[in-house]
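Visitor: Below you'll find the structure I mean.
In my numbering, the protein residues as written are 32 to 391.
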């Protein structure tokens, strides 16, 4: 590239968009500036005294507007109000030792909030006879010192220290709706305490057919969730496409690894938004109100609990009416869906309809 040659930061459509925005905002005329411009036109047409009487504007102000317009080469945007921020503003005068203590606390306890930090500063201020700043003042002092934000760091493969960003997860799209069985399946966890013992019930539901499964376990690890998901995949007669869970730790590590090996899309709900997994949450309520609450003592022995739970799930999926299917059962919903699919002559014994018949 030759010396002195101009190299634009943006090219193509991006450059055109940036240029148009720059021209648009640089030539923006406010409503107040347009009114001033009309007053100056009235002055030129009808004279100074008539303008002062009509618009109640002083002679000094009119000449000031005229000077601004002349300095701006007659462009109306020269009459826009300028910033009125004082050139010299007040500076917060606090002891240097107090500022160093704030820095030290933020370095030792990364990203500690201003209210908690203010509590920790009280003994330090009393020891050195400093005035105790309020929580709001501590927040302003932190902002004056650049925010004092501390981020986790990592070493890149080039040997440089870089900020370690959080791993982003795929969020549930707002327009995601289950169109057929297996399209979207949801999982969640119910936690119960029985005589001081903690037990977990991992739940599964196919959103389209409302087919549900559950399994009791003593572990909250991702390995338990992965094993339960494999059981659901073996029992459910339709292959899965998308999986929806919350952000719990049981749906990380081994569970995410299992989904990646199966090439399934794993959607996560937004934090503190259980309504994004409303179908599974409603299944959690149903299974607790109709079964778990009456067999809570059995949770002390998960093996025995799971045996009677399987019997209830068979009734839930094959006999219990559901309002979502106009009082049909999930099994009847699956059978009616399978009958609408195109039949396959090759391997007909393993088609969806024949697999569903095994549940009857």
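Quick reminder that beta carbons are idealized off the backbone N, C-alpha and C, glycines included.
Closest to residue 289 by C-alpha separation, out of 147, 332, 68 and 254, would be which residue?
Guide: Along the chain shown, one-based indexing puts residue 289 at 258. Out of 147, 332, 68 and 254, 254 has the C-alpha closest to the C-alpha of residue 289.
Visitor: Measure from the alpha carbon of residue 166 to the alpha carbon of each residue in 152, 179 and 160, then state which is nearest.
Guide: Taking the chain shown and counting its residues from 1, the one referred to as residue 166 is at position 135. Per the Cα distances, 152.
Visitor: For the stretch 209-238, which segments carrying the beta strand (DSSP E) assignment without a break, of at least 3 residues, lie completely within its bounds, in sequence order?
Guide: Within the stretch 209-238, the complete beta strand (DSSP E) runs of at least 3 residues are 215-225 and 228-237.
Visitor: Cα-Cα, which of 292, 78 and 275 is closest to residue 301?
Guide: Your numbering for residue 301 matches position 270 in the chain shown. Answer by Cα proximity: 275.
Visitor: Just to confirm the assignment: which complete alpha helix (DSSP H) runs, minimum length 4, are found wholly within the stretch 134-184?
Guide: Entirely contained in the stretch 134-184, the alpha helix (DSSP H) runs reaching 4 residues are, in chain order, 145-158 and 166-175.
Visitor: How would you label residue 139, buried or exposed, when you count the other beta carbons within 10 angstroms and need 16 or more for buried?
Guide: As a first step, residue 139 must be located in the chain shown, where it is residue number 108. Classification of residue 139: exposed, given that the 10 Å Cβ count is below 16.
Visitor: Starting from the C-beta of residue 63, find all residues in its chain whose C-beta is less than 6 Å away, skip the five residues before and the five after it, and write them out in chain order.
Guide: Position 32 of the chain shown holds residue 63. Result list for residue 63: empty, nothing under 6 Å.
Visitor: Would DSSP call residue 245 helix, strand or coil?
Guide: Walking along the chain shown from the start, residue 245 turns up at place 214. Looking at residue 245 - three-state DSSP - the assignment turns out to be strand.
Visitor: Under 6 Å Cβ to Cβ from residue 109, same chain only, skipping five residues before and after it: list those, please.
Guide: Walking along the chain shown from the start, residue 109 turns up at place 78. Within the same chain, residue 109 has close Cβ partners 99, 100 and 103.
Visitor: If contacts are defined as beta-carbon pairs under 8 Å, then residue 133 and residue 172 qualify, I think. What distance do you get, rounded to the angstrom?
Guide: Looking up residue 133 in the chain shown gives position 102. Looking up residue 172 in the chain shown gives position 141. Confirmed, about 6 Å.
Visitor: Going by the DSSP bridge assignment, what does residue 359 pair with across the sheet?
Guide: Here residue 359 is taken as the residue at index 328 of the chain shown, counted from 1. DSSP lists 353 as partners of residue 359.
Visitor: Leaving out five residues before and five after residue 193 in sequence, what residues of the same chain have Cβ atoms less than 8 Å from its Cβ?
Guide: Mapped onto the chain shown, residue 193 falls at position 162. Cβ within range, chain order: 184, 185, 186 and 187.
Visitor: Got a sec, what are the start and stop residues for the beta strand (DSSP E) residue 273 sits in?
Guide: Reading the chain shown from its first residue, position 242 is the one you call residue 273. Note, residue 273: beta strand (DSSP E), 273-276.
Visitor: Can you give me the Cβ contacts of residue 111 inside the same chain, cut-off strictly under 6 Å, excluding the 5 residues immediately before and after it?
Guide: Within the chain shown, numbered from 1, the residue matching residue 111 stands at position 80. Taken in chain order, the residues that qualify are 61 and 64.
Visitor: Would the stretch 193-212 and the stretch 231-244 be scored as touching if the rule is three or more Cβ pairs under 8 Å?
Guide: Yes, they touch.
Visitor: Do you know how far the Cα of residue 266 is from the Cα of residue 149?
Guide: As a first step, residue 149 is located in the chain shown; it is residue number 118 there, counting from the start. As a first step, residue 266 is located in the chain shown; it is residue number 235 there, counting from the start. So the two alpha carbons sit approximately 57 Å from each other.
Visitor: Assuming residue 235 and residue 263 make a contact with CB atoms under 8 Å, what is their CB distance in whole Å?
Guide: One-based indexing of the chain shown puts residue 235 at position 204. One-based indexing of the chain shown puts residue 263 at position 232. Contact holds; Cβ gap of about 5 Å.
Visitor: From the DSSP output, in three-state form, read off residue 299 for me.
Guide: The sequence position of residue 299 within the chain shown is 268, counting from 1. It is a strand residue.
Visitor: What is the DSSP secondary structure of residue 378, reduced to helix, strand or coil?
Guide: Taking the first residue of the chain shown as 1, we reach residue 378 at position 347. Its pLDDT being 48, under 50, residue 378 is placed unreliably in this model, and the value from its coordinates should be taken loosely. If DSSP states are grouped into helix, strand and coil, residue 378 belongs with coil.
Visitor: Provide the residue(s) that pair with residue 193 in DSSP beta bridges, ordered along the chain.
Guide: Counting from 1 along the chain shown, the entry for residue 193 is found at position 162. Answer by DSSP bridge pairing, in chain order: 185.
Visitor: For residue 337, which residues of its own chain have a beta-carbon under 8 Å away from its beta-carbon, when the five flanking residues on both sides are left out?
Guide: Working through the chain shown from its first residue, we reach residue 337 at position 306. So the list reads 246 and 247, once near-sequence residues are dropped.
Visitor: List the whole-angstrom C-beta distance separating residue 97 from residue 71, where the pair is believed to meet the contact cut-off of C-beta under 8 Å.
Guide: Position 66 of the chain shown holds residue 97. Position 40 of the chain shown holds residue 71. With a Cβ gap of about 6 Å, residue 97 and residue 71 count as contacting.
Visitor: Secondary structure at residue 90, three-state DSSP: helix, strand or coil?
Guide: Stepping through the chain shown from its first residue, residue 90 is reached at position 59. Helix at residue 90.
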